[in-house]
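Participant:
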Amino acid sequence: MTAETIVIVHAAATWAMVGLIWFVQLVHYPLFASVGIEGFVQYEAQHTKRTTWVVAALMPVEVGTALLLTALDLVPTPLAWTGAVLVVAIWIVTLVVQVPQHRELGTGFRDATWRSLVRGNWIRTAAWSVRGLIAAAMLASL
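Residue numbers (the numbering used here): 2 to 143.
1) Going straight from the alpha carbon of L27 to that of W82, what length do you get?
2) Please list the terminal residues of the continuous alpha helix (DSSP H) segment that includes S35.
3) On the criterion of 16 or more Cβ atoms from any shown chain inside 10 Å, does G32 qualify as buried, or is it exposed?
4) Taking E39 as the reference, which of T53, F110, V64, V76 has the closest Cα?
5) Helix or strand or just coil, what does DSSP make of L75?
6) Considering only their Cβ atoms, is the gap separating L73 from I7 smaller than 9 Å?
7) Quick one: Cα of G121 to Cα of W23, how far?
8) Where does L143 sit, in a helix, a strand or coil, going by DSSP?
9) Is it buried or exposed, R168, if we count other Cβ atoms within 10 angstroms and call 16 or more buried?
10) When you compare only the Cα positions, how much space is there between M60 and T49?
11) Taking the alpha carbon of S142 as the point to measure from, which residue in I91, T95, V98, L70 has its own alpha carbon closest?
12) Per DSSP, what kind of secondary structure is F24 in: helix, strand or coil?
Structure below.
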């Protein structure tokens with residue numbers, strides 16, 4: 002695989018996640034409050050299952066190529082390392098904050114948990130947005 006291919010695959014995975022996270026932040030998560038108590042557990046289960054189908058393909062590609070970019074010195078070092086630190090931070094926030102909140106919501110809608118989920122997701126939204134800009138700069142550096 003060439004350096005250009007790695008950077009292109011990395012940018013594609015990152016920008017797919019940028020689009021997804023903004024959709025989730027502005028459309029999907031706010032709609033959780035409108036589902037209703039009766040159908041919420043099933044809705045949350047389907048949300049988690051279907052979202053996992055998408056992110057299970059993209060997030061490993063993104064982190065894998067980010068690590069390759071740092072290890073192989075294929076793009077300017079500050080871009081590679083800043084991007085890698087951000088993607089690791091995203092994974093940590095996802096696993097430590099977002100996943101437990103989804104598990105809690107999986108047992109029933111709780112307003113405080115939902116509000117915390119939406120507020121906390123701004124961290125991932127901001128981090129992925131910056132990663133998108135970094136990925137664009139990486140493409141420009143080729």
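Backbone N, C-alpha and C define an ideal beta-carbon position, used for all residues, glycine too.
Facilitator: Let me lay it out:
1) Locating residue 27 in the sequence shown gives position 26, where the first residue counts as 1. Locating residue 82 in the sequence shown gives position 81, where the first residue counts as 1. Their backbone Cα atoms lie some 29 Å apart in a straight line.
2) Mapped onto the sequence shown, residue 35 falls at position 34. Run containing S35: none; DSSP gives neither H nor E here.
3) Along the sequence shown, one-based indexing puts residue 32 at 31. The sequence given here has Leu at residue 32, not Gly. By the 10 Å Cβ count, L32 comes out exposed.
4) Residue 39 sits at position 38 when you count from the first residue of the sequence shown. Looking at the Cα atoms, F110 is the closest of the given residues.
5) Taking the sequence shown and counting its residues from 1, the one referred to as residue 75 is at position 74. Residue state, collapsed to three classes: coil.
6) Start at 1 with the first residue of the sequence shown, and residue 7 comes out as number 6. Start at 1 with the first residue of the sequence shown, and residue 73 comes out as number 72. Yes. Within cutoff.
7) As a first step, residue 121 must be located in the sequence shown, where it is residue number 120. As a first step, residue 23 must be located in the sequence shown, where it is residue number 22. Taking the straight line from one Cα to the other gives about 13 Å.
8) Taking the sequence shown and counting its residues from 1, the one referred to as residue 143 is at position 142. If DSSP states are grouped into helix, strand and coil, L143 belongs with coil.
9) Absent from the model: residue 168. The displayed extent of the chain is 2 to 143, so no value can be given.
10) Along the sequence shown, one-based indexing puts residue 60 at 59. Along the sequence shown, one-based indexing puts residue 49 at 48. Taking the straight line joining both Cα atoms gives about 15 Å.
11) Taking the sequence shown and counting its residues from 1, the one referred to as residue 142 is at position 141. Comparing Cα positions, the closest option is L70.
12) Position 23 of the sequence shown, counted from the first residue, corresponds to residue 24. Helix.
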